[in-house]
Structure formats: structure tokens, C-alpha cells
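Residue numbers (the numbering used here), protein chains in the order written: chain A, 1099 to 1533; chain B, -7 to 174.
Virtual Cβ for every residue (Gly too), placed ideally from N, Cα, C.
Since the model is a prediction, treat every value here as computed from it, not as a measurement.
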Amino acid sequence: MTHERDFDRIARAWLAAGPDEAPDRAVAAVLAAIETTPQVRRPWRWPLWRQIHMTPRTFGLVGALVMALLVASSITLRSPHEIARPTSSPSGVPTEIYASLIDVWAGAPRTLTGVPTSAIVRATFREGNRLDISGESISPLGVQSKVEIMNSDRLTLTTFTRNSRCQEGAVGTYQYLLSPAKKRLTLTLVSDPCADRVAAVEGDWVRTECTTGPGLAGGDWDCYGNLEAGTYKSRAVNLRFDISHGEVAPITYGALTFTVPDGWSHVADNATRFWLMPSDQYPRVHDGVPLDGLYVFGHPRAASTAAGCPFEAQPGIGITPNDIMTFLASAPGLKLTTPQPITINGHTGLSADIQLAPDWKNTCDWHDGSPIAPILYANTGLSSVAMGTRERLILLDIGHGDAVGIEIFNADASRWDEYVAGAMPIVESFVFAEP
Amino acid sequence: MRDLVERAQGGDREAFGALVGLISDRMYGLAARILRDNDLAEDALQGALISTWRQLPALRDPDRFEGWVRKVLVHACYAEARRRRSWAANVRVLPVDGPAGADDLVSIDDRDQLDRAFRRLSVEQRAVFVLHHHEGRPLVEIADTLGIPAGTARSRLHYATRVLRAAIEADGDPLATEGRLA
Chain A
1099 MTHERDFDRI ARAWLAAGPD EAPDRAVAAV LAAIETTPQV RRPWRWPLWR
1149 QIHMTPRTFG LVGALVMALL VASSITLRSP HEIARPTSSP SGVPTEIYAS
1199 LIDVWAGAPR TLTGVPTSAI VRATFREGNR LDISGESISP LGVQSKVEIM
1249 NSDRLTLTTF TRNSRCQEGA VGTYQYLLSP AKKRLTLTLV SDPCADRVAA
1299 VEGDWVRTEC TTGPGLAGGD WDCYGNLEAG TYKSRAVNLR FDISHGEVAP
1349 ITYGALTFTV PDGWSHVADN ATRFWLMPSD QYPRVHDGVP LDGLYVFGHP
1399 RAASTAAGCP FEAQPGIGIT PNDIMTFLAS APGLKLTTPQ PITINGHTGL
1449 SADIQLAPDW KNTCDWHDGS PIAPILYANT GLSSVAMGTR ERLILLDIGH
1499 GDAVGIEIFN ADASRWDEYV AGAMPIVESF VFAEP
Chain B
-7 MRDLVERAQG GDREAFGALV GLISDRMYGL AARILRDNDL AEDALQGALI
43 STWRQLPALR DPDRFEGWVR KVLVHACYAE ARRRRSWAAN VRVLPVDGPA
93 GADDLVSIDD RDQLDRAFRR LSVEQRAVFV LHHHEGRPLV EIADTLGIPA
143 GTARSRLHYA TRVLRAAIEA DGDPLATEGR LA
């Protein structure tokens, strides 16, 4: 037996062997997020109300006061995401045009003088005609500028602080172009004496309407949210990094280029996971119920078939699409269609549709007790199929020893044909960046 | 720290940034040990700190800031663990990084057994175990932090200890274990 005191020593030693330093990117993401996150301020303490004797007269007065406060707070406490989003194209009125820009926009990596490249970059148009550009290595104050809309396609940026990378009073002029649904913004240099502001500002930006949050998105609030039809670059997913070494995957902008029609949302995009879903389901993303999704991740492995569904790969199974599909075709609990060859962006692989075997009764330790079977273990964890759900699994060899898994997951198999027909064109649009 | 907390309560983002610098390592270490997953811990840390910023004006006693953040973080860990269970696909669980051979008290076999057994505990049991054995906090304080009765904290610790002890005892020769630790 192990004595109590010995166990305490072992437990402490075991716990001591864990990380003690928060990743810089996590801290940077928090600091960037609070730049645009308002604090919650309550005007008074609610318990006081319980002590007030409510006569009909005071009840009426209180009711009127509450209504007035609700109206006032709806005006003053709205977040940037809720402010002045016009439903039609901006008019020629500068204030209305600027109002249509107020939001947080995501851009490609930027490198400013003397600091490392920032992979996650945000442009924030704030109330009061102010623009901040921020990133892991870019202080929001660095190129902070006053914005003036000149006409229907020109704006100026003026440095108004001394603690800036630009000289106080420096004026830059840029051409701006908003997409039809105002999801995308292109800023093109006309003239600007401040080189760092040019590096920070110029280029394409995507409006972030991310309601997923770090809890689900796994890293930041910078998913794009609801997408306008068009072609986009992934924001962070790293499809070529094998996390099995226990290291933290570096994020990579543009590892995947994808084209969507209207009606899709960009839900999560972090170092190990890329996730789209139909926009009509996106509002339910926090409900904790299975939803349709289109997932892309690197380094898939066949999941372990051991009891309880541990988060492990099945030992002894190869890593090629053929190795994995061959194993899955006879894996317990899974019913696969015959794997078919598929080519996407010139990369070959296999595709098969997967459902739970009708007679499968086993569950997983981490599930709710109903039948479920694991499919893949990957950098992003474990994928699975439960009763009534269905998925198309595509495994591709993307060269250089790397493979990707693509899952078109359908939470309600009765809508399968329609769903997969809508999702496949997106998959067929994928372009995988070379390392 | 009190001055920074008061300034941050007033909306000073720079002060809050300084607070994040003071506590983020400790909080991340706590989350990583409860969740045994670096990515989930990162998510929990970010969610907790952003939530802390939002709710900070409501903190009545600035001197209790760190304990309050710890409470928010542990609940963020609960949420992460539950979301992990509820996802139909792409659930991430990764080994926690750590310096190899950090302490010779724990053999590789023991580590493996403890890792496996720990994953079988509920996240609530894990939180009590980590707060007690890693942070050295007494049960009364843990109960206060987690907002649970002291008896519940005690029973969670007892169960977790029993499971983990059984894990390292079941696998090896009891005499050898006894001898190694003597």
C-alpha cells in the first residue's frame, strides 16, 4: 500500500510537472479582446428594490422609470457589433458611411517596423471616428488615427496622438471599397507619409461577427461569423502541424482558401481546427446539441476502439487515407459506404459516408449514455457518429507527409442529401497552401 | 494589486493588462491541471479573463480579486469540459506538457496511471483535487471558492484521492511501491 503522506507527495510531484506559463498568444488575445469588450455596469443594486413598499402610485412611477431606463440603456449600452449596422447600402452621407464601418475587422498578418509579424490582426473602427489596428505585436495605440470620410470611396486617417508610430498630424488618404453585404472591406493606399500605417492598414479586411467566443472557438473572438458569398482565407488553422509531440501548434493565416455561397458561417478557426456551419444553425452554437458542421483538421488517425473511447489513436494503423479508410470499413459500430477516390485541389484521397451501425449499443465514457462510435483521432481530438447523425469523411494526402481530414457532419440524417449537396461545393473549392 | 484592481474597475484597460500579467501564469497552470489539456486550458483562461474584465465593476472587495478570478476560471473549466462532452465532432484532448522527469518520486508508470485515472474523474472532482494538492488550499477555502458546502468539497477530494491511489497501487507490486517510497 501507499501511505497517505506518500500519496500526497506523489500527487504533488505529478501535478508539479505541468505548465506554469500562460502562452503569450493567449494573453495577447485577452488584451486585444478587452479593447473592444465593454464592462458590465449596473446603475444600482437590485436588492434595494425589494425593500421598497410598492403602492399603486409608486408602482406606476417605477414602471415609467424602468421603461425610460430600458430605452436609454438600449441606446447607450449597445456593443460595437450592434451599432448602426445599416440594412441597405451606405448613402453618400459621411456619417452614415462611417457608421457602416464601425466594427472589428480581421486582416492578414502584418509586420511593422521593429516588431515581429503579427498573425492575428484586427482593425477596429470605433464610435467617434477612430481607427485602431491591433495584433500580437501591434499596440492598438501604434497607428491609431482619426477617420474622416471624404466621399463615396476615399477616407483620410490622421494621427492625433504623440505616442504613435506616425508623426502627430500625419494624414494618409486611402480608397475604401465595401462589398455588397458590407462583410468585406478593401483599403487601398492613395498617399500616406507614415510607412507603418500603410503596412498596418492597407489590404483586405473581413468583418468579424463572431458569437462563438473563446470557449468554443478555441483562441479568440475572431471567427468571421456569418459569411457573404465569396472566397476567404482561413485565419489560424495549421493543417501541417503534428501536435502529437505535445507542443502548441503555431497559427497560420491562409492555410486554407475556401469559397462559400450565402448562408454559411465561419464558426471557429484556431491552430488545430477549422469549422463552418449553416448560418441558420449558428445562433444555436452554444446550446450544446449536435449541429451540422464542416470541419477541416490536420493529421487524422483512426480513433481507438478501446472501451470508453479514449482520446487516442488506434495502435498499429497507418496514416495514409487508404490505411485509415480500410480500418474504418471494419471498425466496430461504423457503417461505411465503399470509399471512393476523390481529388481536391490536385490532392488525392478517399471519401466515404459514415453512419452508426443500426445494431450498435455501445457508448463512450464522455457521452450521455446513448450509442455512439468514434471515427478519428486527430490534432483536434476525437470525432464520432451517433444515432441519427451522418457524415461524409474525406481524407486527403496534401503532400510533404501531411494529410487532412474533412468531415461534413449532418446532425439530422433525414436532411442528408440536401445538406451534403450544399456542402460539397465548398469542399471542392478548397485550396491548401504549400508549406 | 488593490490599486490596479480599482483602476481596472473604473475601466482602465492598462491596469487590467497589468493584472493579467500578474495572474495569467498561475491561472493557466491551474486550468491546465484541471483539464489536462493545454488547448482547453487556453480557452478557459481567455474566457475567464474576458469575463473577469466584463464583470469587474461588480466586484465588491478588490482584495479578493485573485480568489474571484480563480472562481471564474474554475467555472470556465467546467464549461470547457462540458462542451467537450457535448460536441459531436472534433473534441480536443491533449496531454499536458511538462518537463520530463520533473520529480523522480513519480515513475513513468505512475504518471501514466495517474493520467488515466485523473481523466476518469469529473471536472468538479479534479478541481478540488488540484486546488488542494497543487495550490495547497484548505478545504474550507476551496468550498468558498467553488461555492459549494465544505462537506461536498471533502467528499470530492476523498473520491478523487481514492481513485488516484487505487490507480497507482493496482498496477504495481505493493511491496515494490512501498520500498520505492520509503
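How many angstroms separate the CA atom of residue i from the CA atom of residue j?
i, j, result
"P1398 of chain A", "A33 of chain B", "22 Å"
"A1511 of chain A", "F110 of chain B", "36 Å"
"I160 of chain B", "D29 of chain B", "21 Å"
"I1173 of chain A", "G1361 of chain A", "For I1173 of chain A, the predicted structure reports a pLDDT of 35, less than 50, and the residue's modelled location is therefore unreliable. The matter cannot be settled from this model."
"L1159 of chain A", "G59 of chain B", "Below a pLDDT of 50, predicted positions are generally treated as unreliable, and L1159 of chain A, at 43, falls in that range; the measurement from the model is reported next regardless. Distance between the alpha carbons of L1159 of chain A and G59 of chain B: 40 Å."
"A1206 of chain A", "G1301 of chain A", "8 Å"
"L1474 of chain A", "A1405 of chain A", "15 Å"
"A40 of chain B", "Q47 of chain B", "10 Å"
"E(-2) of chain B", "A10 of chain B", "12 Å"
"A73 of chain B", "D107 of chain B", "16 Å"
"R62 of chain B", "R1305 of chain A", "33 Å"
"L1480 of chain A", "T1257 of chain A", "49 Å"
"V1387 of chain A", "P1381 of chain A", "12 Å"
"A1298 of chain A", "P1359 of chain A", "29 Å"
"E1515 of chain A", "F1507 of chain A", "The sequence shown places Asp at residue 1515 of chain A, rather than the Glu named in the question. Cα to Cα, the separation comes out at about 12 Å."
"T1435 of chain A", "E1526 of chain A", "20 Å"
"Q1137 of chain A", "R1107 of chain A", "43 Å"
"R1220 of chain A", "S1232 of chain A", "5 Å"
Report the option in the options whose CA atom is closest to the CA atom of residue i.
i, options, result
"A119 of chain B", "B:L65, B:A158, B:P49 and B:E161", "B:L65"
"G1414 of chain A", "A:G1406, A:A1115 and A:T1424", "A:T1424"
"R1295 of chain A", "A:L1474, A:K1244, A:T1135 and A:V1518", "A:K1244"
"A182 of chain B", "B:H126, B:L37 and B:F121", "Lying outside -7 to 174, the shown extent of chain B, residue 182 of chain B is not represented and no answer is given."
"L1239 of chain A", "A:E1133, A:K1281, A:P1278 and A:S1289", "A:E1133"
"L1432 of chain A", "A:V1241, A:I1442, A:L1454 and A:G1520", "A:L1454"
"Y1322 of chain A", "A:L1283, A:P1348 and A:V1365", "A:V1365"
"S1509 of chain A", "A:I1231, A:F1372, A:L1129 and A:V1483", "A small correction: the amino acid at residue 1509 of chain A is Ala; Ser does not occupy that position in the sequence shown. Looking at the Cα atoms, A:V1483 is the closest of the given residues."
"A1293 of chain A", "A:A1476, A:A1327 and A:V1241", "A:V1241"
"V1202 of chain A", "A:L1113, A:D1251 and A:T1309", "A:T1309"
"R1123 of chain A", "A:A1268, A:R1338, A:R1282 and A:I1349", "A:I1349"
"T1254 of chain A", "A:S1402, A:S1237, A:L1229 and A:Y1272", "A:Y1272"
"V1125 of chain A", "A:N1324, A:E1194 and A:E1234", "A:E1234"
"P1408 of chain A", "A:P1419, A:G1352, A:S1232 and A:A1476", "A:A1476"
"H1445 of chain A", "A:T1357, A:L1426, A:N1460 and A:L1493", "A:L1493"
"W1373 of chain A", "A:D1385, A:E1505 and A:D1230", "A:E1505"
Using three-state DSSP, classify residue i as helix, strand or coil.
i, result
"V1241 of chain A", "coil"
"M1248 of chain A", "coil"
"K63 of chain B", "helix"
"P1439 of chain A", "strand"
"V132 of chain B", "helix"
"V1383 of chain A", "coil"
"W1373 of chain A", "strand"
"N1420 of chain A", "helix"
"P1408 of chain A", "coil"
"E1194 of chain A", "helix"
"P1533 of chain A", "coil"
"E1505 of chain A", "strand"
"Q1265 of chain A", "coil"
"L14 of chain B", "helix"
"D1451 of chain A", "strand"
"E1489 of chain A", "strand"
"T137 of chain B", "helix"
"L1392 of chain A", "strand"
"V30 of chain B", "The amino acid occupying residue 30 of chain B in the given sequence is Asn; Val does not appear at that position. In the structure shown, N30 of chain B sits in a helix (DSSP, three-state: H, G or I)."
Let's test the definition: count the other Cβ atoms within 10 Å of the Cβ of residue i and tell me whether it reaches 16, buried, or not, exposed.
i, result
"D1390 of chain A", "buried"
"A71 of chain B", "buried"
"E1489 of chain A", "buried"
"G1212 of chain A", "exposed"
"S114 of chain B", "exposed"
"N1249 of chain A", "exposed"
"D(-5) of chain B", "exposed"
"L1275 of chain A", "exposed"
"N1261 of chain A", "exposed"
"M1375 of chain A", "buried"
"N1420 of chain A", "exposed"
Using the DSSP secondary-structure output, state which residues sit across from residue i in a beta bridge.
i, result
"N1324 of chain A", "A:S1363"
"W1203 of chain A", "A:A1221 and A:R1305"
"G1226 of chain A", "Per DSSP, none; premise fails for G1226 of chain A."
"V1335 of chain A", "Partner(s): none; V1335 of chain A has no beta bridge."
"H1445 of chain A", "A:I1442"
"G1497 of chain A", "A:D1500"
"V1213 of chain A", "According to DSSP, V1213 of chain A bridges with nothing at all."
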